[in-house]
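Here the structure comes first, spelled out in C-alpha cells, and everything after it is commentary.
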Amino acid sequence: MRAAAPGARPRRLRPGDRVSVVAPCSPVREEDLRAAIALLGEWGLEAVPGEHVLARHPSLSYLAGTDAQRAADLRAAWLDPGTAAVLCARGGDGAHRLLDHLDFAELRRAPAKAFVGFSDITALHEAFAVELGVATVHGPVVALDSFVGDAEAAGHLRATLFEPETRTVLRPPGARPLVGGRARGVTIGGTLSVLSDGLATPHSRPSARGGLLLLEDVNEHVTRLDRMLTHLLRGGWLEGVAGVLLGSWSDCGPDLATVHAMLEERLAPLGVPVVAEFGFGHRPGQLTVPLGVPAVLDADTATLTLQVPALV
Numbered sequence: 026m027r028a029a030a031p032g033a034r035p036r037r038l039r040p041g042d043r044v045s046v047v048a049p050c051s052p053v054r055e056e057d058l059r060a061a062i063a064l065l066g067e068w069g070l071e072a073v074p075g076e077h078v079l080a081r082h083p084s085l086s087y088l089a090g091t092d093a094q095r096a097a098d099l100r101a102a103w104l105d106p107g108t109a110a111v112l113c114a115r116g117g118d119g120a121h122r123l124l125d126h127l128d129f130a131e132l133r134r135a136p137a138k139a140f141v142g143f144s145d146i147t148a149l150h151e152a153f154a155v156e157l158g159v160a161t162v163h164g165p166v167v168a169l170d171s172f173v174g175d176a177e178a179a180g181h182l183r184a185t186l187f188e189p190e191t192r193t194v195l196r197p198p199g200a201r202p203l204v205g206g207r208a209r210g211v212t213i214g215g216t217l218s219v220l221s222d223g224l225a226t227p228h229s230r231p232s233a234r235g236g237l238l239l240l241e242d243v244n245e246h247v248t249r250l251d252r253m254l255t256h257l258l259r260g261g262w263l264e265g266v267a268g269v270l271l272g273s274w275s276d277c278g279p280d281l282a283t284v285h286a287m288l289e290e291r292l293a294p295l296g297v298p299v300v301a302e303f304g305f306g307h308r309p310g311q312l313t314v315p316l317g318v319p320a321v322l323d324a325d326t327a328t329l330t331l332q333v334p335a336l337v
C-alpha cells in the first residue's frame with residue numbers, strides 16, 4: 026500500500042478575494058448563511074453562495090438538495106478561476122453520496138484552492154487527497170453558530186487561511202499524551218465514522234500508512250466507536266500509521282473517560298505516538314488543522330509542528 030503523500034498546497038487568501046460557499050451535505054438555514062457571509066465580509070472576502078446552497082432534497086430531509094445539485098455546486102466552485110477558496114456551509118450527511126457524481130479528471134485540471142470543512146466533509150477531504158492530490162483544511166463549517174458565534178474557532182481558521190506561517194506549531198491547551206514518542210508523517214483523517222464508512226470504497230485512501238491520523242466523532246456510543254475503530258484495525262487500514270491525534274468526542278457515551286480508555290486500549294498496541302484532546306472537531310473553539318501537510322508529532326509535549334505552512 027502506498028503511504029500518505031503531501032498534497033499540493035493552495036495559495037493563501039488575501040483581502041478582496043472571492044470565496045464560494047457550498048452545501049455538500051445537510052440543509053442550510055438562510056439566516057445562518059447570511060451570518061456567515063457577513064462575517065466573511067468582515068474578513069475582506071466576497072462570499073458567493075452556490076446556486077443550490079439553500080436547496081432541500083424533495084424527499085430526504087437530511088440532504089441539502091439532490092446529489093446532482095450538491096455536486097454541481099461543488100464542481101462549479103472548484104472550477105471557477107475567480108474563486109480562491111471553497112468553504113463548506115455545514116456537515117451532517119450526504120458527502121459520500123456526492124463522490125460518484127464528480128468527474129475527478131475534470132477537477133484535477135483546475136489549480137488547487139483552499140477547501141475547508143469537517144465532520145461529514147471528511148469524505149471529501151479524503152477524495153480530494155486521493156484523486157486530486159491537494160492539501161485541504163480541517164476546520165469549521167461556516168453556516169453554523171460554531172463558526173459565526175465562536176470567535177476562537179473563527180480566529181483559528183482566519184489565521185490559517187490568511188497567515189498560515191503563524192500556524193505551523195499547534196499545541197492546544199489541554200492536549201496530553203496517551204502514548205509518548207515522536208513521529209513524522211503527513212496529516213490525514215477526520216471523523217472516525219466517515220473514515221470507517223469509506224473503507225475499501227472508490228476515492229478513499231487505501232491505508233493510513235505514513236500518516237499522522239486525526240480522529241474525532243460526535244454523538245456515538247463507545248461501543249459503536251469501538252466497532253468502527255476495530256473495523257479499521259482488522260481491515261489493515263491502520264498498518265503503518267505514523268501517529269494519531271485525537272480530537273473531540275462530544276456527546277459520545279457513556280462518558281469521556283470510557284471513550285479515552287477504549288481509544289488507548291485499541292491504539293496503544295500500534296506502538297506509535299498518540300495524543301488526546303488535541304482541540305479539533307465538534308467542540309467550542311475548535312482548532313483548524315491542515316490535512317495533506319508533512320508534520321512532526323511530539324506526543325510527549327503534545328505538539329504538532331507543520332514542516333511547511335498549510336498554504337503558500
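26 is the number of the first residue of the sequence shown in the numbering used here; add one for each residue after it. Even glycine gets a Cβ: it sits at the ideal position worked out from N, Cα and C.
Pull up the CB-CB distance for residue i and residue j, whole angstroms please, since I reckon it's below 8 Å.
i	j	result
V111	A102	5 Å
L220	T147	6 Å
G268	P298	4 Å
A48	V78	5 Å
L336	A139	6 Å
R133	L157	5 Å
G260	A225	7 Å
V159	G142	Not really, about 14 Å apart at Cβ, beyond 8 Å.
Evaluate residue i with the Cβ neighbour count: other Cβ atoms within 10 Å of its Cβ, from every protein chain shown; 16 or more gives buried, anything less gives exposed.
i	result
S86	exposed
S273	buried
P106	exposed
T91	buried
Q332	exposed
S84	exposed
E177	exposed
R21	Not covered by the structure: residue 21. The range shown for the chain is 26 to 337.
A63	exposed
G205	exposed
G164	buried
CB residue i to CB residue j, shorter than 9 Å?
i	j	result
T161	L149	yes
V194	A61	no
R209	D251	no
D145	S51	yes
E15	L217	Within the shown structure, residues of the chain are numbered from 26 to 337, placing residue 15 beyond reach of any answer.
A152	L124	yes
P319	P35	no
R27	P231	yes
Name the residue from the options whose alpha carbon lies nearest to the alpha carbon of residue i.
i	options	result
E131	F143, L104 and T108	L104
G278	H246, F305 and M287	H246
R122	R95, P136, F129 and G142	R95
W68	A179, A286 and R249	A179
H82	V53, D175 and L295	V53
At a cut-off of 8 Å, would you count residue i as near the ligand SAM, judging by its Cβ distance to the nearest heavy atom?
i	result
R95	With respect to the ligand SAM, the structure offers nothing, as it holds no ligand at all.
Flag this pair as touching only if the segment 178 to 188 and the segment 115 to 134 have three or more C-beta atom pairs under 8 Å; answer yes or no. no
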